[in-house]
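Trainee:
Protein chains in written order, with the working numbering: chain D, 151 to 332; chain R, 151 to 332.
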């Protein structure tokens, strides 16, 4: 591995993000969270559970995996990624997951941020509330049959929604996971 | 769609990135580029072409799709995404692509940045140079049989490499694209 610069400097500290420089390289880093979870949630009748919300950075509606931060709640800074995965799925979609399994994890944009996302497969789902997110969120829930997924996403993309590519990460893992596809 | 705040402010302007606030939401935005391309490159003998490089934000080696910025070269600010896709594949991997096809596009991390990635399928590949990136880059090229891909990636992830999840986006599209899988 080529040597990475140890010259680190914080250029600006915001409330939620900081802009950092390492050598000549600038990137964004989050504070107040220990990880990010992306949830590949599949119902008993083979539907994928997705969420839709307005995203201020993009200025448009985005269809994406249910997702959220771990350790971002005061008093719960040490929650595990699995605990965060179950909490976020419940908050956003109203589904309680009996089985939670780590699929993979990796950087969301390796040139721009140190953010890493952990993808969890969420199955054994029971609907226990309406979902929709916490008090600051306004989240729509979509349940889409796996057999219709690529076409459903592509239709919406062409109609103006932004489609988070991480949904395709989830679909790949669903198709290659014997626990889901039997 | 709920109303998105029109209260925009730049918190810090770096050389390559700025930290921006929209209402209460902070995010990172790039300057000096018109887009980001992620390249799903498949050789005639069914190998996927991947790159590996040290990424300063993560401080480790990352295996990822060949990728790069469009419009980031002085005098070439108006290059198309397709031109950037062919140029970046050649620079990073030494492969010239005869066919270039847009697969999908979407946000890399919709809560953290306005960055959008356009995924292109690159086929009809001819090796014309060694690759390895431009003068500022130090890139290793991997060519991995599609049949070995999930296992190859997972072995490396468990051995300490970071694996960019966008590789799985590429694999999903390869498996669902009749031009590739026949």
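Virtual Cβ for every residue (Gly too), placed ideally from N, Cα, C.
(1) If contact means a Cβ-Cβ distance below 7 Å, which residues of the stretch 196-218 of chain D contact chain R?
(2) Which of helix, strand or coil does DSSP assign to residue 320 of chain R?
(3) In its own chain, which residues sit with a C-beta less than 6 Å from the C-beta of residue 179 of chain R, not counting the 5 before and 5 after it?
(4) Is residue 257 of chain D helix, strand or coil when you go by DSSP?
(5) Excluding the 5 residues preceding and the 5 following residue 275 of chain R in the sequence, name in chain order all residues of the same chain whose CB lies nearer than 6 Å to its CB.
(6) Count the other C-beta atoms from every protein chain shown that fall within 10 angstroms of the C-beta of residue 255 of chain R, then say buried if there are 16 or more, exposed otherwise.
(7) DSSP three-state call for residue 154 of chain D: helix, strand or coil?
(8) Does any CB atom of chain D fall closer than 7 Å to the CB of residue 238 of chain R?
(9) Taking C-beta pairs closer than 9 Å, name the residues in chain R that residue 268 of chain D reaches, listed in chain order.
(10) What residue does the alpha helix (DSSP H) around residue 238 of chain R start on, and which one ends it?
(11) So, with DSSP's three-state summary, where would you put residue 262 of chain D?
(12) Would the stretch 317-324 of chain D count as touching the stretch 222-238 of chain D if we require 3 or more Cβ pairs under 8 Å?
(13) Using a Cβ cut-off of 7 Å, which residues of the stretch 291-321 of chain D contact any Cβ in chain R, in chain order?
(14) For a quick check, are the C-beta atoms of residue 189 of chain D and residue 215 of chain D less than 7 Å apart?
(15) Name the chain D residues that come within less than 8 Å of residue 260 of chain R, Cβ to Cβ?
Mentor: Inspection of the coordinates gives the following:
(1) Within the stretch 196-218 of chain D, the residues whose Cβ lies closer than 7 Å to some Cβ of chain R are 204, 205, 206, 207, 208, 209, 211, 212 and 214, listed in chain order.
(2) Helix.
(3) Taking C-beta separations shorter than 6 Å and ignoring five residues to either side along the sequence, the partners of residue 179 of chain R in its chain run 168, 170 and 264, following chain order.
(4) Reduced to three states, the DSSP call for residue 257 of chain D is strand.
(5) Taking residue 275 of chain R as the centre and dropping the five residues before and after it, the same chain places the C-beta of 193, 245 and 247 closer than 6 Å to its C-beta, in chain order.
(6) Residue 255 of chain R should be labelled buried.
(7) It is coil, neither helix nor strand.
(8) Answer no: the Cβ-Cβ gap between residue 238 of chain R and chain D never drops below 7 Å.
(9) Listed along chain R is no residue with a C-beta nearer than 9 Å to that of residue 268 of chain D; the closest approach is about 10 Å.
(10) Per DSSP, residue 238 of chain R belongs to the alpha helix (DSSP H) from 231-243.
(11) Judged by DSSP in its simplified three-state form, residue 262 of chain D adopts coil rather than helix or strand.
(12) A contact between stretches requires three or more CB pairs, one per stretch, nearer than 8 Å, and the stretch 317-324 of chain D fails this requirement with the stretch 222-238 of chain D.
(13) Flagged, chain order: 300, 307, 312, 313, 314, 315, 316, 318, 319 and 321.
(14) Taking 7 Å as the Cβ cut-off, residue 189 of chain D and residue 215 of chain D qualify as a contacting pair.
(15) Within 8 Å Cβ-Cβ: 205, 207, 208, 212, 214, 312 and 314.
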